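Peer 1:
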Amino acid sequence: MTVTRSAKSSTVAAGNLGFPPIGLARELKFALERFWTGGSPEQLGRVALELRQRHWRLQAEAGLGFIPSNDFSLYDHVLDTAVLVGAVPPRFGGRNGFTDLATYFAMARGTDDVPAMAMTKWFDTNYHYIVPELESAGTLQVGSEKPLSEYREARAIGIETRPVLLGPVSFVLLSRTRGDRAALVRRVAEVYREVLDGLASAGARWVQLDEPCLGLDLSHEERDLFDIAYYRMANRSRQGGPKLFVATYFSDLREQLPLALQLPIWALHLDLVRAPGQLAPALAGAPSHLTLSLGVVNGRGVWRTDLDRALTLVRRAVDRLGPGRVQVAPSCSLLHVPVDADAETTLDPSLRNRIAFAKQKLEEVVLLAHAATEDDSAVRDRIADHRQATEAWHVDPRSRDVEVRRRAASITGGMLARHSTFGERRKLQAKRTPLPPLPTTTIGSLPQTAELRRMRAAARKGHVTTAEYETFLRQEIEHGIRFQEEAGLDVLVHGEFERTDMVEFFAARLNGFAFTEQGWVQSYGSRCVRPPLLYGDVSRPRPMTVRWSRFAQSLTSRPVKGMLTGPVTMLQWSFVREDLPAPDVAAQVALALRDEIADLEEAGIRMIQVDEPALREGLPLRGDERSEYLTWAVDAFRLATAGARDETQVHTHMCYADFGGIRDAVVRMDTDVISLEAARSTMESLEAFGGDGYTSGIGPGVYDVHSPRVPSAEEMTAGIHRALEAFTPEQIWINPDCGLKTRSWDEVREAIPHMVAAAHQVREAIGASA
Ligand code: GLN
Ligand code: ZN
1037 MTVTRSAKSS TVAAGNLGFP PIGLARELKF ALERFWTGGS PEQLGRVALE LRQRHWRLQA
1097 EAGLGFIPSN DFSLYDHVLD TAVLVGAVPP RFGGRNGFTD LATYFAMARG TDDVPAMAMT
1157 KWFDTNYHYI VPELESAGTL QVGSEKPLSE YREARAIGIE TRPVLLGPVS FVLLSRTRGD
1217 RAALVRRVAE VYREVLDGLA SAGARWVQLD EPCLGLDLSH EERDLFDIAY YRMANRSRQG
1277 GPKLFVATYF SDLREQLPLA LQLPIWALHL DLVRAPGQLA PALAGAPSHL TLSLGVVNGR
1337 GVWRTDLDRA LTLVRRAVDR LGPGRVQVAP SCSLLHVPVD ADAETTLDPS LRNRIAFAKQ
1397 KLEEVVLLAH AATEDDSAVR DRIADHRQAT EAWHVDPRSR DVEVRRRAAS ITGGMLARHS
1457 TFGERRKLQA KRTPLPPLPT TTIGSLPQTA ELRRMRAAAR KGHVTTAEYE TFLRQEIEHG
1517 IRFQEEAGLD VLVHGEFERT DMVEFFAARL NGFAFTEQGW VQSYGSRCVR PPLLYGDVSR
1577 PRPMTVRWSR FAQSLTSRPV KGMLTGPVTM LQWSFVREDL PAPDVAAQVA LALRDEIADL
1637 EEAGIRMIQV DEPALREGLP LRGDERSEYL TWAVDAFRLA TAGARDETQV HTHMCYADFG
1697 GIRDAVVRMD TDVISLEAAR STMESLEAFG GDGYTSGIGP GVYDVHSPRV PSAEEMTAGI
1757 HRALEAFTPE QIWINPDCGL KTRSWDEVRE AIPHMVAAAH QVREAIGASA
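The working numbering applies: residue 1037 is where the sequence shown begins, and numbers increase by one.
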């Protein structure tokens, strides 16, 4: 039996809040996909068990005192929680004993007959969770044994764990609820008590409850839910029940810190990477029985920790509370970082030496816990080694480019503004490129066939020559242009056939970015992304998109849009060095894009779209921090685009229609046309967007590209009429919701002509034929 270090009172314990389930080689992804295409449940179960065991052992060997269990999920931990409390929506058959795998995946992914549950972003991350649907408290009861069986599994291999559950209040606040939330929280807490009792009988001494919602702006009613839930669960008279450890992360608890410190719990975790300022008030206010877990190793980034700084925080806590009441941990679950940097063999060694994935982060946590009380030379050496690597990095010419810094330092306010107002630009643009009212276009990408993906992979591996690959791309582009002309679209796209991913494509062509081999992070279900590393000053050695844009434009007299990814999205979907201020990095990316736009103009491109689908995702969780973010984010976008000539039409695209709280920022982007998602949402949010003073072009998507269903022209006509209630005919563009790359050519060949027909019908109906 492996004996894990337990929290002795003379030492600081090291803990973890969650390990990425997906596996170094994305074993879980492939096992899921095999299962969904007819594989056996036993096979899936075997892979899942093997991953859990491997990760528990890795954490035990790293020397952690607190190892999580039930952090593993086959699809999503929020969905697991819904199943745990029996919240299976009636359309999936409701709760009928324990939920089987088929029902579980139907909830996550839908079936031919039943639509899936909604999915949305987990706080400000790129991880998506399934939104539980809670209707009546009365129907909730324990619906799964997952926490218990995974706790037992770990014990069976000699590893004591701290089971993790999503806290009852955050669970309810993140759900779609109807009716009285207090009643729901009360019932969920009762169900949890049963789960906690079960875990206690199995031997669990601690249980971790994640309550990230404690760091949001909350109403009084919402704040009261915490007392309701925790007093119900914490029956203090019970002997031997598990001690509750509440984990908060992603923001500062601020006004909710006193509430958190006073809950009937035994330990509280604080994210000191995002919010180091909350340590002092927490130390001053912690009641004498409470342990503090200090999240000093960033669970959201891949850069090595500044150990000196982290250690200062840990020692401050130890001085005040004594070592027995302090734990060291990552700032949040490691779900958001890849598994093991040791698997990276092709990265430049000096860069390799700067990164830490989940495994390396846990080593840092353990080292910090030791260093807090022990001052032996081994610990000192390792910290010195860390410090040296960081310092060397700061002056390394590969990460520092004086020319880029000089240019960034000379950015002027004038560079952030277009030459003329929208009204004047519109006239010049209409003169240069006359368009019918309600012009039709698409968002950028055209269908990516299996053959295309094969060719791209073969070209990357050198299995086909560059010339062969480029001939193939030319054929694809030409085919795409002909299709668009025949369909009757007014503004065309080159199709993005050369891009696997909108961020990766540009990152690969800019200085300052690097790529990992195995740096996969779960985005949702079996879908993983591999964000590039933004490690140094960003610059553009040569034009990135001009060649294919020029080629596409040469094939047609209709305008072809240039297609770029905006600076905020480039940052948001990369692992950006943490010691550089984000606004500075964004400005560097923006300057590179600014040059690209000038080159596209030179090549005769008349319309340029700069996509910012991730702008809203980066919005800080606390309302009063948003304006600062929006200021630099919009400035970066303006720096990228404002150099465009008046007669160049600048477009942007965003993958959402709800502009709550960011409407003014979007207006300040001062684009000529914005396209956005609207096919599935109501027009309400758009009406709000329309409001005062928004006169520029707008394309509320009329075709939902996220579904294989092909909408009829009538359906799209109705969508256009709805848009006409909020905007003038001069403003409206007709386009799909998002890029077409996930759709098949068969679907697109049907849907796009429907869309064009809808535009024609509406033009006629309102007497605005071209
Ligand atoms: N231009 C991109 C495309 O069409 C936009 C993708 C996105 O919004 N995420 O694929
Ligand atoms: Zn989109």
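Note that beta-carbon positions come from the ideal geometry of N, C-alpha and C, so glycine has one too. Note that this is a predicted model, so its numbers are computed, not measured.
(1) Check whether the Cβ of His1325 sits closer than 8 Å to any heavy atom of ligand 2, and report yes or no.
(2) Hey, Leu1184 and Gly1234: beta-carbon distance below 9 Å or not?
(3) His1305 and Gly1331 look like a contact to me (Cβ under 8 Å); what is the Cβ gap, rounded to whole Å?
(4) Please confirm whether any heavy atom of ligand 1 lies closer than 8 Å to the CB of Lys1777.
(5) With distances taken from CA atoms, which of Glu1291, Leu1297 and Asp1216 is nearest Ala1283?
(6) Check whether the stretch 1044–1053 and the stretch 1090–1110 touch, using three or more Cβ-Cβ pairs below 8 Å as the test.
(7) Please say whether Arg1222 and Ala1265 have beta carbons closer to each other than 9 Å?
(8) Looking only at its own chain, which residues have a Cβ that is under 8 Å from the Cβ of Phe1393, when we skip the five neighbours before and after it?
(9) So if DSSP puts Gly1659 in a beta bridge, which residue, or which two residues, is it bridged to?
(10) Report yes if the C-beta of Glu1653 is less than 8 Å from at least one heavy atom of ligand 2; otherwise report no.
(11) For a test of your reading of the model: does the CB of Cys1564 fall under 8 Å from any non-hydrogen atom of ligand 2? Yes or no.
(12) Any chance the CB of Pro1649 is under 8 Å from a heavy atom of ligand 1?
(13) Could you pull the DSSP bridge partners for Lys1157 from this structure?
(14) Going by alpha carbons, who is nearest to Ile1391 out of Asp1412, Ala1303, Gln1797 and Tyr1571?
(15) When DSSP labels each residue in this structure, what does Ala1626 get in the three-state scheme?
(16) To the nearest angstrom, how far is it from the Cα of Val1529 to the Cα of Glu1171?
(17) Please classify Thr1197: does DSSP put it in a helix, a strand, or coil?
(18) Counting Cβ pairs, one atom from each stretch, are 3 or more of them under 8 Å apart for the stretch 1572–1580 and the stretch 1621–1634?
(19) Given this structure, state the Cα-to-Cα distance separating Arg1454 from Gln1685, to the nearest angstrom.
(20) How many Å lie between Pro1472 and Gly1696 at the Cα?
(21) Would DSSP call Gly1572 helix, strand or coil?
(22) Mind checking whether the beta-carbon of Asp1035 lies closer than 8 Å to any heavy atom of ligand 2?
(23) Closest by CA to Ser1446, which one among Gln1363, Ala1414, Pro1603 and Asp1620?
(24) Determine the direct distance from the alpha carbon of Gly1122 to that of Asp1263, and round the result to whole angstroms.
(25) Got a sec, what are the start and stop residues for the beta strand (DSSP E) Ser1559 sits in?
(26) Between the stretch 1060–1070 and the stretch 1423–1431, do at least 3 Cβ pairs fall closer than 8 Å?
(27) How big is the Cα-Cα spacing for Val1612 and Thr1605?
(28) Tell me whether Pro1470 is buried or exposed, calling it buried when 16 or more other Cβ atoms sit within 10 Å of its Cβ.
(29) Can you tell me which of the three DSSP states Trp1072 falls into?
(30) Determine the contact status of Ile1641 and Val1703, defining contact as a CB-CB distance below 9 Å.
(31) Do you know how far the Cα of Leu1776 is from the Cα of Ser1575?
(32) What do you reckon, are the CB atoms on Leu1616 and Val1646 nearer than 9 Å?
(33) What does the alpha-carbon distance come out to for the pair Pro1736 and Leu1280?
(34) Report the rounded CA-to-CA distance for Ala1346 versus Leu1404, giving the unit in angstroms.
(35) Would Val1625 and Ala1672 qualify as a contact pair, given that the criterion is a beta-carbon distance under 9 Å?
(36) I need the DSSP call for Lys1777, collapsed to helix, strand or coil.
Peer 2: On the basis of the coordinates in this document:
(1) no
(2) yes
(3) 6 Å
(4) Lys1777: yes, Cβ under 8 Å from ligand 1.
(5) In terms of CA proximity to Ala1283, Leu1297 leads the group Glu1291, Leu1297 and Asp1216.
(6) yes
(7) yes
(8) Val1338, Val1373, Pro1374, Val1375, Asp1376, Ala1377 and Gly1555
(9) The partner list for Gly1659 (beta bridge, DSSP) is empty, contrary to what the question assumes.
(10) Not under cutoff, so the answer is no.
(11) no
(12) yes
(13) His1164
(14) Tyr1571
(15) helix
(16) 45 Å
(17) Thr1197: coil per DSSP, three-state reduction.
(18) The stretch 1572–1580, when compared against the stretch 1621–1634, does touch it at the 8 Å Cβ threshold.
(19) 11 Å
(20) 31 Å
(21) Gly1572 falls in the strand class under three-state DSSP.
(22) In the structure displayed, the chain extends from 1037 to 1806; residue 1035 sits before or after that span and is not available.
(23) Asp1620
(24) Taken atom to atom, the span from the alpha-carbon of Asp1263 to that of Gly1122 is near 23 Å.
(25) Val1557 to Tyr1560
(26) Output reads no: the stretch 1423–1431 does not touch the stretch 1060–1070.
(27) 12 Å
(28) Classification of Pro1470: exposed, given that the 10 Å Cβ count is below 16.
(29) Trp1072 falls in the helix class under three-state DSSP.
(30) no
(31) 30 Å
(32) The answer is no: Cβ separation not under 9 Å.
(33) 47 Å
(34) Roughly 8 Å between the two C-alpha positions.
(35) yes
(36) coil
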